[in-house]
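> Chains as they are written, first to last, in our numbering: chain A, 1 to 326; chain H, 327 to 707; chain B, 708 to 1008; chain X, 1009 to 1246.
Got a structure for you, questions after.
Following this line, the structure appears as structure tokens:
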């Protein structure tokens, strides 16, 4: 039993690294063969990967149902846009600041609700998402520009080169993905990562082994929100205009779906699923009005035939969760 | 020697033939013009009408022999009414090497696309995005065939104070880029002129259907006129719920409220007498272009377009084609310069079209429309 | 005072409909622990079906209005109930053993599908119920305006809610539903066919949503394929507010939410109304994590 | 022919096999006990018999008919009642509602289930006193009585009892075993899973000992009681 498990996890490690190598090879070769448009599709794919991975920390690692993740993303994007507009702070610094701002928001906003059981937490995060979006629309203190949103004029600079073209962003975004992947793999093997998984599998038992579950959950929200916030900066510079329309409940829902469709807790799963969510509708453009119909159908079929997700995580327990044995 | 000479001649002749064939081939290659519109999503209906309208113009041009001897082709991009999709569609238009782009409908959706077109120096002409902010960023390649919110807001301010003799004005918007933009644009001149006061100013949430609470609160401020700057679907509900609550103040809608659906939702008894600030509708235009266009649209789709926006899309397309024809060029800078400087009073479907320095259309004409008992909008006399 | 009473009438009208839709959420959740994100779209489908029946089939027939409305409501209700059973069979039942998250994503897929199907069937434009269908009568009682439609909505909703409550509390089938909600396995050991119970839930919930759809269609006239999403979100909030899985909770939550919304929009600001609603939800859950009437049961994940 | 027999039944949880081919026979009118340590697979076996889980291989016969693949509610109709481990009463339903659900298959015959309910009340007078109380407010012993009573409401031919004495005070344990014998005396076959091997063996006719998913020992209860291995492992004697 024990040897079987360790063999399985070793297998999954090698499968993971094989996946990442294939992905890396693909990403390196891809831009040479396609138009800027497809590079741009991949930029948004990368942004969704960053967001998906950050949500995966909360949903996948700790098992907290968060269906309002774009709230934190919005906090990051708006922090960057406001500070850039008013103080002209360097974008790299802003990326850090917006990450911190979102992390603080993640902590402060979720601290009082951390004790809620799964579905209630889900509803509350939906509520937070709406609260933040509506607040942005209502333009408090003239900060957020209301429904028009804000213009972001400044851009990232690397040794004097302005990150501007699709390929620049491509390199920036996927570079960030690589860094994040490295950090996440380290995190998963760390004491914190193990603590998260204990909390997810059995919060009571985790508490009894001396893990502060509240702290573990808060930390996951902070890190997840922080990464989403930093991603918000990239998004703001890429779009050059941000408005509340980008941070809707529907956007949160599709992020949530990305994590589950990929295989909860699975890093390759998030990458694949966000790719599918981005690329499939693009490929189905010819179906025009029918494509969102097919897309909904695909989601249902996917869950029926592969409920564990595209690339299930071996670290997520195989135990049936809440379903009933017949 | 002579053999080699004739061989050389033969080769050069063949080359010439090839070249001319290539020339011919290139001539037959279509000129591609983008249309960015919401084909799916909540504004799908507007997107569909825009596509229908542009198609009519394109077919007409192709029937008449195309542009510069080449056919025109529409490259459709569905932005779903979402900013991120809009950015992607913009990038796709650039990758598809379209000559210029028509679009899009919503202002906040248009903004990211316009930013990308600007960076890639691609002429883009919006057809439904009326937010002032779009032409305040100094973009050179952005134009629009529709008019700006502030012109309409100003028109309302004068109309309310001078024609309706209103002293107390209530303004309700819907917190969208467009609705709030127009509401702000109306409130500013009212405050500046000082002829009337704004007694109520609040927003509804689009997609909801019960506005009795906000209307009740508004009713207590005793407005002489109510200006709603959102869309027809909510406008229809608002006027009906106002009347149910016993608020008798005249209802004025913005140009997004002008739609047959408004009358259907409100009911003709209630809708009758409602006023709208509005550019002249295609059916009310006396230009021959408008009559021909509306006739063709009715022939194909059984009814006239129910909102003005698709016609602006058709005009945007026409203007692009006109610029290509006049400059014999598909170069973006040439087109941009032409549109800014040389296009004067081009006879569009919606009247003469010229652009000012920031890309806004010149010479806004607004009318107050009234809903008549027969269930149609007619200019108020 | 008059203003306050008006807001209460309006709030009750909206709240009664939220409650009807919330019942569907709460029953499905109670029995299956599934957040059926497609439930709002059943409501939307109800609106459209009622519209179609009214406009296409009955406009010409010379039946009395009340009969026409009854037929339209019946057909819409039946149609949506069938749709509910079908959706459960196809999209949820195969996932019963695959965990809750998979089912949630499937529900999101169904929602997406239904919305776009409605768009393709009825068109992307707004549709309006024919003006002859909705009774226009309204009274002014001491300054408070009350319309016949409002009374009908409140009355029918309350009747349905009380009926459902009695059904669930008093009948054997109702007891079977409650037992299944508590414990599937033990319910099976009583000889209860859990699949039949779930089918029953997916008849009742969507049917209530369908009736709500027709009623609101008549009341507001305007319908659109996206309307299920926002009503679904509100109804789900109402269910949580009352304590999800709890039938009286959904009723209380729905009515309360409707009243809160109207008072918020009537006294504070319509633009900030939803912030207030969700803020109250969060505050309530902080102090009473299982909602107003929710039982303090351990999480069953 | 036995009323209930398991033939080479194998049961898996996910990919892990928990029961490795067991055969059990329960004759009509008997009390048969299934002994075993925690995790030996007793509860799993009962759940398979009552149709809550489906065996991976083998057959379960009821009255000679193959019922292996029947769903749980169908087995109830055929006369199998299962009183699950940990009582599992419906805590937010009243005592009377709990009992009524036990007679779910007779729901359209009110006279019949009312008569059965009277019999159950006679067996457990405490339940009658508390009939309108919520089941969750009962004491542990009362809940166990309710669970058994609820099982009896189906008028089963065989009742499966999973750890009925677990966690009860000694006096109540005595009471429960008295009731089990009474149930059996009235003609109902009993398959009992018990930790309290001493008491169980005393009242039962036959017994099986389950160890890590296999039948280790079986035979008449009296014989097993004398078996040194049983005495050591389950009766706490040397």
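Note that CB positions come from ideal geometry on N, CA and C, so glycine has one too.
1) Check whether the region 533-549 of chain H touches the region 493-507 of chain H, taking contact to mean three or more Cβ pairs, one atom from each stretch, closer than 8 Å.
2) Taking three-plus beta-carbon pairs below 8 Å as touching, is the region 256-270 of chain A in contact with the region 132-150 of chain A?
3) Could you tell me how far apart the beta carbons of residue 378 of chain H and residue 576 of chain H are, in whole angstroms, since I believe they sit closer than 8 Å?
4) Anything in the region 116-146 of chain A with a Cβ closer than 8 Å to a Cβ of chain B? List those residues in chain order, please.
5) Using a Cβ cut-off of 8 Å (strictly closer), state whether residue 653 of chain H contacts chain A.
6) Taking only runs that begin and end inside the region 1030-1076 of chain X, name each unbroken alpha helix (DSSP H) of 4 or more residues, in chain order.
7) Once DSSP output is grouped into helix, strand and coil, what is the label at residue 123 of chain A?
8) Going by DSSP, what residue range makes up the beta strand (DSSP E) through residue 1090 of chain X?
9) Rounded to a whole number of angstroms, what is the C-alpha to C-alpha distance between residue 157 of chain A and residue 361 of chain H?
10) Using C-beta distances below 7 Å, list every residue in its chain close to residue 1104 of chain X, excluding the 5 sequence neighbours before and after it, in chain order.
11) Taking three-plus beta-carbon pairs below 8 Å as touching, is the region 639-647 of chain H in contact with the region 670-680 of chain H?
12) When you compare only the Cα positions, how much space is there between residue 1189 of chain X and residue 749 of chain B?
13) Taking only three categories from DSSP, how would you classify residue 994 of chain B?
14) Using the Cα positions of residue 886 of chain B and residue 733 of chain B, report the straight-line distance between them to the nearest angstrom.
15) Measuring alpha carbon to alpha carbon, tell me which residue in H:609, H:583, H:629 is nearest residue 558 of chain H.
16) If you follow the beta strand (DSSP E) that residue 1228 of chain X is in, where does it begin and where does it stop?
17) Applying the criterion that 16 or more other CB atoms from any shown protein chain within 10 Å of the CB defines a buried residue, is residue 1179 of chain X buried or exposed?
18) Out of H:549, H:598, H:677, H:626, point me to the one whose CA is closest to residue 638 of chain H's CA.
19) Can you grab the Cα-Cα spacing for the pair residue 235 of chain A / residue 47 of chain A, in whole Å?
20) Opposite residue 579 of chain H in the DSSP bridges: which residues?
21) Whose C-beta lies closer than 7 Å to the C-beta of residue 904 of chain B among residues of the same chain, with five residues either side of it excluded?
22) Could you check whether the Cβ of residue 43 of chain A sits closer than 7 Å to any heavy atom belonging to the ligand GDP?
23) State the DSSP-derived secondary structure class of residue 526 of chain H, mapped to helix, strand or coil.
24) Between residue 50 of chain A and residue 455 of chain H, what straight-line distance do the alpha-carbon atoms span, to the nearest angstrom?
25) Count the other CB atoms within 10 Å of the CB of residue 196 of chain A; is the residue buried (16 or more) or exposed (fewer)?
26) Can you confirm whether the region 1123-1136 of chain X touches the region 888-908 of chain B when touching is taken to mean that 3 or more C-beta pairs between the two stretches lie within less than 8 Å?
27) Spatial neighbours of residue 680 of chain H within its chain, please: CB distance less than 8 Å, with the 5 preceding and 5 following residues excluded, ordered by chain position.
28) Among residues of its own chain, excluding the 5 on either side of residue 693 of chain H, which ones have a beta-carbon nearer than 7 Å to its beta-carbon?
29) In the DSSP assignment, what are the bridge partners of residue 249 of chain A?
30) Would you say residue 1103 of chain X faces chain B, with C-beta separation under 8 Å as the test?
31) Find the nearest neighbour of residue 385 of chain H within the set H:399, H:370, H:372, H:376, judged by alpha-carbon distance.
32) Can you pull the DSSP bridge partners for residue 1019 of chain X?
33) Thinking residue 64 of chain A and residue 276 of chain A are a contact (beta carbons under 8 Å), I'd like their distance in whole angstroms, please.
34) Classify residue 595 of chain H as buried or exposed, calling it buried when 16 or more other Cβ atoms lie within 10 Å of its own Cβ.
35) Counting only runs of 4+ residues fully inside the region 230-308 of chain A, write out the alpha helix (DSSP H) ranges in chain order.
36) According to the neighbour-count rule (16 or more other Cβ atoms, all chains shown, within 10 Å of its Cβ), is residue 28 of chain A buried or exposed?
Put simply:
1) yes
2) no
3) Going by Cβ atoms, the distance from residue 378 of chain H to residue 576 of chain H rounds to 34 Å, so no, they are not a contact pair.
4) Within the region 116-146 of chain A, the qualifying residues are 116, 117, 118, 119, 120, 122, 123, 124, 126, 127, 128, 130, 131, 134, 135, 137, 138.
5) no
6) 1050-1057
7) DSSP places residue 123 of chain A in helix when its eight states are reduced to three.
8) 1088-1091
9) 33 Å
10) If you ignore the 5 residues before and after residue 1104 of chain X, its C-beta comes within less than 7 Å of the C-beta of 1139, 1140, all in its own chain and listed in chain order.
11) yes
12) Whole-angstrom Cα-Cα distance: 54 Å.
13) helix
14) 15 Å
15) Measuring C-alpha to C-alpha distances from residue 558 of chain H to each of H:609, H:583, H:629 identifies H:583 as the nearest.
16) Its beta strand (DSSP E) spans residues 1222-1228.
17) exposed
18) Comparing Cα-Cα distances from residue 638 of chain H to each of H:549, H:598, H:677, H:626, the minimum goes to H:677.
19) 7 Å
20) H:554, H:602
21) 738, 883, 884, 887
22) Absence of the ligand GDP from the depicted structure is noted, as is the absence of any ligand whatsoever, leaving it without description.
23) strand
24) 32 Å
25) buried
26) No, because fewer than three Cβ pairs between the region 888-908 of chain B and the region 1123-1136 of chain X fall closer than 8 Å, the two stretches do not touch.
27) 669, 670, 671, 672, 687, 688, 689
28) Setting aside the 5 residues that flank it on each side, residue 693 of chain H is surrounded in the same chain by 604, 606, 705, each with a C-beta closer than 7 Å to its C-beta; the list follows chain order.
29) BP columns for residue 249 of chain A are empty, so no partner.
30) no
31) H:399
32) The bridge partners DSSP lists for residue 1019 of chain X are X:1027.
33) The pair is not a contact, with the Cβ atoms about 24 Å apart (cut-off 8 Å).
34) Exposed is the label assigned to residue 595 of chain H, since fewer than 16 other Cβ atoms lie within 10 Å of its Cβ.
35) 249-262, 267-283, 291-305
36) With fewer than 16 other Cβ atoms from the protein chains shown falling within 10 Å of its own Cβ, residue 28 of chain A counts as exposed.
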